[in-house]
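Chemist: Numbering (this note's numbering), first residue to last: 6 to 192.
Virtual Cβ for every residue (Gly too), placed ideally from N, Cα, C.
Handing you a structure now.
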Amino acid sequence: STFFGSARLASACGGLLYFVAYLPFIFVDRNWETMSRNSKFVASILPATAFGICSQYIADYEQTGDGLTWETFAHNVDPCDNFTFQDAFFMLVFDCFLMAIITAYLDAVIPRQFGVPLPWYFIVSPSWWLQSRSIDREQSNKAVLNPFTTQSMQSQSPCGPQFESAPDGPKGIEVVNLVKEFYPQEC
């Protein structure tokens with residue numbers, strides 16, 4: 006995981022984080038009638054709060070005896086309500102995409118055991134955007150004869166099509182004089 010090294014710590018912190026993210030729903034529920042529609046959208050940015058709002062709408066529809074259906078999806082139980090289940094559901098979907106983007110960003114920025122983390126500003130640096138285009142151009146210039154090998158791999162590889170040849174570009178990491186020593190085991 007990006008933040009945690011052990012599953013136990015991640016699950017404990019995940020439960021605590023869910024509880025903290027659910028706390029704004031208590032405020033939203035108490036002030037529902039006086040809140041503006043935009044305030045309800047802002048409160049729904051936290052997924053747990055949006056889930057609480059959706060659950061409240063489902064409970065309200067069940068209390069009326071109609072239940073939540075496709076016909077009532079975009080309508081309110083209370084005519085004075087300025088927010089619908091459709092709005093809350095939209096915010097849940099938006100939260101999924103938002104959390105996926107934040108997770109991908111933090112995964113690239115936070116240092117871990119393997120790999121080199123990117124700087125926090127990598128998303129706005131021109132080198133990051135231009136680098137991906139140059140790789141796409143190089144890959145599009147190769148003619149693919151078979152889904153598993155390219156013509157350049159077949160012609161340059163001395164061991165056959167299942168091995169790729171050494172890259173021609175600059176070396177990122179070079180290992181020199183790597184040896185493995187074996188020591189006698191004592192029984």
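Do you know how far the Cα of P175 is from the Cα of F102?
Modeler: Approximately 37 Å, taken between the alpha carbons.
Chemist: Quick check on the burial criterion: 16 or more other C-beta atoms within 10 angstroms. Buried or exposed for Y66?
Modeler: Label assigned to Y66: buried.
Chemist: Give every residue of the same chain whose Cβ lies closer than 6 Å to the Cβ of R142, excluding the five residues on either side of it in the sequence, and list them in chain order.
Modeler: In this prediction, R142 has a pLDDT of 47, which is less than 50 and means its spatial position is unreliable; nothing more can be read from the coordinates.
Chemist: From F168 to R42, what does the alpha carbon distance come to, in whole angstroms?
Modeler: Each residue's Cα considered, the two are about 60 Å apart.
Chemist: Our contact map puts F30 next to G57 with C-beta atoms below 8 Å; I'd like the distance itself, whole angstroms only.
Modeler: Contact flag correct, Cβ pair sits at about 4 Å.
Chemist: Excluding sequence positions up to five away, which residues of its chain have a Cβ less than 8 Å from the Cβ of D100?
Modeler: Here the set comprises S49, I50, L51, P52 and A55.
Chemist: Where does I50 fall in DSSP's three states?
Modeler: Coil.
Chemist: Measure the alpha-carbon distance for Y23 versus D83 and round it to whole angstroms.
Modeler: Near 29 Å, if we compare the C-alpha coordinates of D83 and Y23.
Chemist: If I measure Cβ to Cβ from L183 and keep anything under 7 Å in the same chain, skipping five residues before and after, which residues do I get?
Modeler: Nothing listed; no residue qualifies.
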